[in-house]
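Undergrad: For the first sequence, the residue numbers in my numbering are 422 to 988.
Just so it is clear, CB atoms sit at the ideal spot from N, CA and C, and this is done for glycine as well.
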Amino acid sequence: MNIFDYYKNLFLKIIKDIPIDKSIIKKITVETPKQKIFGDISFNAPLILASSLKKQPMQLANEIKELIQAANNDFEKIEVAKPGFINFTFKKEIFLKFIKIIDKNYGKPTSTKSNKINIEFVSANPTGPLHVGHCRGAIFGDVLSNFLKFYGHNVVKEYYINDYGNQIYLFVKSVYFRIIELQKGKAFPEDQGLYPGEYIIDIAKDVLKNIKNENISSFDETISILTPYAIKSALDIIKKDLDLMGIVHDNFVSESDIVNRDILSEAIEKLKNKGDVYTGVLPKPKGDAEDWEPREQLLFKSSKYGDDVDRALQKSDNTWTYFANDVAYHYDKLKRNFDYYINILGADHAGYVKRLSSAVNALNNNKTFSIKLSQIVKLYKSGKPFRMSKRAGDFILAKDLIDAVGKDSARFMMVYRSSNSQLDFDFDLVTDTSKDNPIFYVQYACARINSLFDKSNFDIEKPITDAKLENLKYETEFNLIKKIVEWPKIVNLCYQNLEVHYIPYYLYELSSEFHTYWNAGKENDDLKIIGHSDKELINSRLYLLQKLYLVLTIGLNILDVKVLKKM
RNA sequence: GCGCCUGUAGCUCAACUGGAUAGAGCGCCAGAUUUCGGCUCUGGAGGUUCAGGGUUCGACUCCUUGCAGGCGCGCCA
Numbered sequence: 422m423n424i425f426d427y428y429k430n431l432f433l434k435i436i437k438d439i440p441i442d443k444s445i446i447k448k449i450t451v452e453t454p455k456q457k458i459f460g461d462i463s464f465n466a467p468l469i470l471a472s473s474l475k476k477q478p479m480q481l482a483n484e485i486k487e488l489i490q491a492a493n494n495d496f497e498k499i500e501v502a503k504p505g506f507i508n509f510t511f512k513k514e515i516f517l518k519f520i521k522i523i524d525k526n527y528g529k530p531t532s533t534k535s536n537k538i539n540i541e542f543v544s545a546n547p548t549g550p551l552h553v554g555h556c557r558g559a560i561f562g563d564v565l566s567n568f569l570k571f572y573g574h575n576v577v578k579e580y581y582i583n584d585y586g587n588q589i590y591l592f593v594k595s596v597y598f599r600i601i602e603l604q605k606g607k608a609f610p611e612d613q614g615l616y617p618g619e620y621i622i623d624i625a626k627d628v629l630k631n632i633k634n635e636n637i638s639s640f641d642e643t644i645s646i647l648t649p650y651a652i653k654s655a656l657d658i659i660k661k662d663l664d665l666m667g668i669v670h671d672n673f674v675s676e677s678d679i680v681n682r683d684i685l686s687e688a689i690e691k692l693k694n695k696g697d698v699y700t701g702v703l704p705k706p707k708g709d710a711e712d713w714e715p716r717e718q719l720l721f722k723s724s725k726y727g728d729d730v731d732r733a734l735q736k737s738d739n740t741w742t743y744f745a746n747d748v749a750y751h752y753d754k755l756k757r758n759f760d761y762y763i764n765i766l767g768a769d770h771a772g773y774v775k776r777l778s779s780a781v782n783a784l785n786n787n788k789t790f791s792i793k794l795s796q797i798v799k800l801y802k803s804g805k806p807f808r809m810s811k812r813a814g815d816f817i818l819a820k821d822l823i824d825a826v827g828k829d830s831a832r833f834m835m836v837y838r839s840s841n842s843q844l845d846f847d848f849d850l851v852t853d854t855s856k857d858n859p860i861f862y863v864q865y866a867c868a869r870i871n872s873l874f875d876k877s878n879f880d881i882e883k884p885i886t887d888a889k890l891e892n893l894k895y896e897t898e899f900n901l902i903k904k905i906v907e908w909p910k911i912v913n914l915c916y917q918n919l920e921v922h923y924i925p926y927y928l929y930e931l932s933s934e935f936h937t938y939w940n941a942g943k944e945n946d947d948l949k950i951i952g953h954s955d956k957e958l959i960n961s962r963l964y965l966l967q968k969l970y971l972v973l974t975i976g977l978n979i980l981d982v983k984v985l986k987k988m
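Spelled out as structure tokens, the structure:
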């Protein structure tokens, strides 16, 4: 149960005689007021309804207040506040009831139907290890998937392997020359635009081990033998990197497989039938375009769907572009019939968003496709931009990051900010054991709660059933309860925005309320949670903390960050 | 040149999608403080939300014109 929805529905029922236009009904909300002095919940209906009823918001608020006051008995105080809010303060015994309903599904909506959701993320080229730039999108995608599962949906995490085309050709060529270097000592060519990273040597060794007896002669003769092994080797490295972050995809889709199955001709056919494909000449691009000449080629009319210009499907030599294969891939994805599609792209692919969503819109009219961009991460150590590794050119490897700070810290921090703001990632901070480190602060709260249970010989896993909640009466206790009650609201926020940074934020705030509660015992012996002999009071307080612990656990599980029992 | 993202306290970021006095953490200032679990606690000061214009009862949020930063921009992937 979500108390905000519960009271919204209750209030709407009470004021059912007031005519409400259906289009504005969802703008009416029950919220936590911004400030504590405004009470526990507030209702904005007078503000929303005033104009259509041609009444003053304050006057309407007073009328609605009277109606609710007459019909409901849950509140100690109901007040109208300028510009037209109605603020409610619960009777304490009502508030305490909200705590009782908390279980492992707390916050999960009960009415939502379960949808099949496809979420594509990472999809890094299988040409080498993941670097830090991939981490954020990877973790964001994984946490968002966990969240959507918690919300009640059926989620498939998908990875699109770009194992086709020129980049792969260059990659395999690089592996080939590393093999030649290993076998014959011939220096690796620096001038052919090949992959210079030393990890290619590891891949070369791995490939050699697997193909064993194959005779490595010229590149043209061995390319078809080397390619699958080289891709597999690179993909294994990527999967290991993902595993370090705690990420496992459900489905890997290969571009060359899409090509082999000739999905493209079916997709093009469909676009042709809609009149979205034509042969034409693209306008000259702005900026640097020295060697550009006008050419006739097959184009997709993406401008019809909001893109700036139409996009090429075929190159001048009649082979397909990368984009064309991506159209085919998405066509295949759409045919697999999910209710909802999410793509997570790195910020450097922002320019690709319009043409991709144009293609999806052309292939499928219902609007169930969202693209999320994950912004870049800047690494810092001791306040300075930080480089960790000279391997792989300038890239800092994902593995190095996880090795340095641990999976939990990386996961927590990577989703601590909204996905479309840039993020500063400070190595010192995330490994710090002080309250300045939010991960530590949240996990410390879990450990402290466990310790209180151990000291009192209670099992934290075993629900306390006989607590007398009316023993809870201090402000610090109620502040904690209020924060716990906000959780379903956080869940809604995440869902509406497809963002998850609200969760670590909330967990931090929740932990902060707990630490404040705990610290209050230093000043006032009555507030020591267990440091006294009143068994019944200890029972009540541990009951509250057990519920708190459950909420912390739900949140940390969505982040896939460990709940620490001891530190 | 064009497109997308961003611009909020000294710094890093929130702000429930149009609501109340724009909130946290760090930093700064002032006090308190040896153990329920040590890696502190309580309070305070900090703002013309980049600038101008518009929409309305009401704007950080929407529209518009600029400015600044980031990313991207041909048949690469």
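Can you tell which of 564, 478, 449 has its C-alpha closest to the C-alpha of residue 839?
TA: 564
Undergrad: Distance, Cα to Cα, residue 646 vs residue 568?
TA: 42 Å
Undergrad: Given this structure, state the Cα-to-Cα distance separating residue 895 from residue 942, to the nearest angstrom.
TA: Rounded to whole angstroms, residue 895 to residue 942 spans 11 Å at the Cα level.
Undergrad: Just tell me which of 425, 506, 628, 560 has its CA closest to the CA of residue 668.
TA: 560
Undergrad: Please classify residue 952 as buried or exposed, where buried requires at least 16 other C-beta atoms within 10 Å of its C-beta.
TA: exposed
Undergrad: Rounded to whole angstroms, what's the CA-CA distance from residue 713 to residue 705? Just pull it up for me.
TA: 7 Å
Undergrad: Between which two residues does the alpha helix (DSSP H) carrying residue 604 extend?
TA: 587 to 605
Undergrad: Helix, strand or coil for residue 619, going by three-state DSSP, please let me know.
TA: coil
Undergrad: Distance check for residue 580 and residue 627, CA to CA, integer angstroms please.
TA: Going by the C-alpha atoms only, they are around 23 Å apart.
Undergrad: Check whether the Cβ atoms of residue 531 and residue 592 sit closer than 8 Å, and answer yes or no.
TA: no
Undergrad: Check whether the region 977 to 984 touches the region 946 to 962, counting contact only when three or more Cβ pairs, one atom from each stretch, lie closer than 8 Å.
TA: no
Undergrad: Between 932, 577, 656, 584, which lies nearest to residue 856 when the distance is taken from Cα to Cα?
TA: 932
Undergrad: When DSSP builds the beta bridges, which residues end up paired with residue 761?
TA: 538
Undergrad: When you compare each of 818, 650, 940, 635 to residue 661 by their alpha carbons, which one comes out closest?
TA: 818
Undergrad: Taking the Cβ atom as the reference point for each residue, do residue 689 and residue 651 lie within a distance shorter than 8 Å?
TA: no
Undergrad: Taking the beta carbon of residue 575 as the centre, do at least 16 other beta carbons fall within 10 Å, making it buried, or is it exposed?
TA: Residue burial is scored here from C-beta neighbours: residue 575 has fewer than 16 other C-beta atoms within 10 angstroms and is therefore classed as exposed.
Undergrad: Can you look up residue 781 in the DSSP assignment and give me helix, strand or coil?
TA: helix
Undergrad: Taking a contact to mean a Cβ-Cβ separation below 8 Å, would you say residue 445 touches residue 469 in this structure?
TA: yes
Undergrad: Under 8 Å Cβ to Cβ from residue 696, same chain only, skipping five residues before and after it: list those, please.
TA: For residue 696, where only same-chain residues beyond five positions count, the Cβ hits under 8 Å are 722.
Undergrad: Can the beta-carbon of residue 496 be found less than 8 Å from the beta-carbon of residue 512?
TA: yes
Undergrad: Hey, which unbroken runs of the alpha helix (DSSP H) at 4 residues or more fall wholly within the region 422 to 466?
TA: 424 to 435
Undergrad: Since residue 755 and residue 785 should fall inside the 8 Å C-beta cutoff, what is the C-beta to C-beta distance between them, to a whole number of angstroms?
TA: 5 Å
Undergrad: Are there 16 or more other CB atoms within 10 angstroms of the CB of residue 590, so buried, or fewer, so exposed?
TA: exposed
Undergrad: Inspect the CB distances between the region 865 to 876 and the region 472 to 492 and report whether three or more fall short of 8 Å.
TA: no
Undergrad: Once the 5 residues before and after residue 603 are set aside, which same chain residues still bring their CB inside 8 Å of it?
TA: Answer for residue 603: 622, 625, 626, 629, listed in chain order.
Undergrad: When the Cα atoms are used, what is the spatial distance from residue 749 to residue 541?
TA: 15 Å
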